[in-house]
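Per our numbering, the very first residue in the sequence shown carries number 656; after that it's consecutive. All C-beta atoms in this analysis are idealised placements derived from N, C-alpha and C, irrespective of residue type, glycine included. Okay, so here's the structure we're looking at.
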Amino acid sequence: MIWSSSSAVTSDNGGAVDATSWVWEELRDETAGGVDPAEQARREEEQRVRQLEEERMRAFAEGRQAGEAEMLEDFAAAVEVLDHVLQALAEAREEWQRTAEANLVALATAIAREIVGRELRGDAEAYADLVREALAKCPPDQELRIRVNPRDLSTISTISARLGNAVPIEGRHHVEWIADPAVAPGGCLVEGPDRLIDGRVDTALERVYRMLVDG
656 MIWSSSSAVT SDNGGAVDAT SWVWEELRDE TAGGVDPAEQ ARREEEQRVR QLEEERMRAF
716 AEGRQAGEAE MLEDFAAAVE VLDHVLQALA EAREEWQRTA EANLVALATA IAREIVGREL
776 RGDAEAYADL VREALAKCPP DQELRIRVNP RDLSTISTIS ARLGNAVPIE GRHHVEWIAD
836 PAVAPGGCLV EGPDRLIDGR VDTALERVYR MLVDG
């Protein structure tokens with residue numbers, strides 16, 4: 656409803672003065688032309704939802720970046736561990752090869768020791784050659800002592816006695832034969848005034864073994 660009101664008063668000089676003049680439109684609620692409260696609340700809710708979504712997306716992106724960085728660090732650590740494992744395997748393989756080669760050489764040396772020992776125990780002439788080779792390293796006309804295994808000394812003595820020294824060994828040396836159980840069968844130890852000749856099979860094979868392993 657639109658209405659208006661006015662009143663007049665008389666001034667001292669008799670003229671009329673308009674004291675009050677207003678209409679209803681001027682007294683209308685200033686909010687009548689504003690935003691509806693429900694609409695305002697809806698808009699604020701939508702803005703809040705958008706902010707929450709933006710925060711969620713930002714947190715997701717940051718989390719993904721952090722996760723990717725952590726994954727890269729884990730991958731780098733795994734690669735480093737794998738590299739160490741491969742290096743250890745390579746070193747172990749080399750060590751295994753060296754050990755296998757050394758074991759094969761040791762086995763071959765043991766087999767050779769057994770074969771040579773059998774040959775020398777069964778062949779007096781072969782054993783005599785071994786002793787002669789040791790004696791050849793000593794100057795002639797020296798007094799020497801030859802330590803041999805009692806079994807080898809018995810074999811040589813028996814054959815020499817039966818065949819009339821058919822297995823000559825001493826040559827021009829003055830030799831004293833000594834039965835020494837510490838000398839393995841098939842070997843000999845020649846002791847001279849200024850030298851010691853080790854003609855033991857084990858010693859010779861050990862030298863061969865060291866040459867093969869170290870070479």
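Q) For the 8 Å Cβ check, are there 3 or more pairs between the region 832-839 and the region 778-790? A) Too few Cβ pairs lie closer than 8 Å, so no.
**Q.** DSSP state of residue 838 mapped onto helix, strand, coil
**A.** One-based indexing of the sequence shown puts residue 838 at position 183. DSSP places residue 838 in coil when its eight states are reduced to three.
Q. Does the beta-carbon of residue 845 have 16 or more other beta-carbons within 10 angstroms, so that it is buried, or is it exposed?
A. The count along the sequence shown starts at 1 and reaches residue 845 at position 190. It counts as buried.
Q | Pairwise C-alpha distance: residue 722 and residue 729 | A | Along the sequence shown, one-based indexing puts residue 729 at 74. Along the sequence shown, one-based indexing puts residue 722 at 67. Taking the CA atoms as reference points, residue 729 sits about 10 Å from residue 722.
Q. With distances taken from CA atoms, which of 829, 803 and 736 is nearest residue 840?
A. Stepping through the sequence shown from its first residue, residue 840 is reached at position 185. For the residues 829, 803 and 736, the minimum Cα distance to residue 840 belongs to 803.
Q. In this structure, does DSSP put residue 849 in helix, strand or coil?
A. Translated into the one-based positions of the sequence shown, residue 849 becomes position 194. Of the three classes helix, strand and coil, the one that applies to residue 849 here is coil, per DSSP.
Q: Name the one or two DSSP bridge partners that residue 739 has.
A: As a first step, residue 739 must be located in the sequence shown, where it is residue number 84. Per DSSP, none; premise fails for residue 739.
Q) Do residue 829 and residue 788 have their C-beta atoms closer together than 9 Å? A) Within the sequence shown, the letter at position 174 stands for residue 829. Within the sequence shown, the letter at position 133 stands for residue 788. Contact check for residue 829 against residue 788 fails: the beta carbons are separated by 9 Å or more.
Q. How big is the Cα-Cα spacing for residue 726 and residue 732?
A. Translated into the one-based positions of the sequence shown, residue 726 becomes position 71. Translated into the one-based positions of the sequence shown, residue 732 becomes position 77. Looking at the two C-alpha atoms, the distance is approximately 10 Å.
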